[in-house]
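In my numbering, the protein residues as written are 1143 to 1404.
Every residue, glycine too, gets a C-beta built ideally from N, C-alpha and C.
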Amino acid sequence: MKVLLRALVLSSGLALLSAAQAQGLFSDDEARRAILDLRGKITALETENQSLANRLDGMAKGQLDLFGQLERLRSELAAIRGGVEQNSQASTVNAQQQKELFQSLENQLAQAKARLAKFEPQPVEVGGETLMAQPAEKKLFEQAREQMQAKDFKAAASSFYRFNQRFEDSALSPYALNYEGTLHYALKNYPSARRALETLVDKHPSHAITADGMLTLASAQIESERVTQARQTLTNLTKQFPNTPQAKMASDRLRSLVAKKK
């Protein structure tokens, strides 16, 4: 990702600008229109870049490198804009030089826009809601879901584990943690199930999916002969998510545990 925005090359366009500047004023109406068009496109791209930077501003520390790349792109766009403005006041250039100049700038702007688009958050449908995620997050999350749907639970659990390690502050994190814990439980890997689901409870105590995770966590604790912890988990569930189907199930399990104890 570090090299994507750095690949924007200004030298050819700016060299043409310098050559154009040395030869005279843009008196041709077509050249003036081309300059106005370039100004508009630069402004639009600067606005798009700023919008994405604003969205990233409050995100995780892991996005700081991306934010820096966007700042560098902003500087490069400013350099292109400066070259255009200088040439709008320069002396006449011939039609072929104008054509080469504008084509070079158009190419650079197109490359910048393509690179910027690669960082745009993308929608992910999960749990009845639409969440926005970076392309790398979406790719790994969708891969893990496909593995889970194909009943390759071991691979899916591994993929969700990697997701949770790489994107711990993602909007998809509650679902990924719940999926990981549930898959480990299905594989009878109870320690890993407890780890993932305890992280879910700690980091996302009020998220709706956490109620499901707490039911699975209690089951993993029971399978691990940690019945006292399971009772506490179920009790906490009834308090954190009252009047929910999960709370009713938790109450039923609590009564069952009490009956078994007797």
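Going by C-alpha positions, Gln1285 is about 11 Å away from Asp1294. About 12 Å separates the CB atoms of Glu1279 and Phe1302; that is not less than 8 Å, and the two are not in contact.
Counting along the chain, no alpha helix (DSSP H) covers Pro1384, and no H or E run does either. Scanning its chain for C-beta atoms nearer than 7 Å, with the 5 sequence neighbours on each side dropped, one finds around Ala1299 the residues Glu1322, Leu1325, His1326 and Leu1329, in chain order. Bridge pairing for Thr1272: Glu1267 [DSSP]. In this structure Ser1398 is exposed. Its beta-carbon is surrounded by fewer than 16 other beta-carbon atoms within 10 angstroms.
Straight across, the Cα-Cα distance linking Ala1401 with Ser1393 is about 12 Å. In the displayed model, Ser1334 falls within a helix according to three-state DSSP. Around the CB of Leu1178, fewer than 16 other CB atoms lie within 10 Å, so the residue is classed as exposed.
The shortest CA-to-CA distance from Met1391 to any of Asp1354, Glu1365 and Asp1171 is the one to Asp1354. Collapsing the DSSP output to three states places Leu1329 in coil. In this structure, Asn1320 places its C-beta atom within 8 Å of the C-beta atom of Ile1351.
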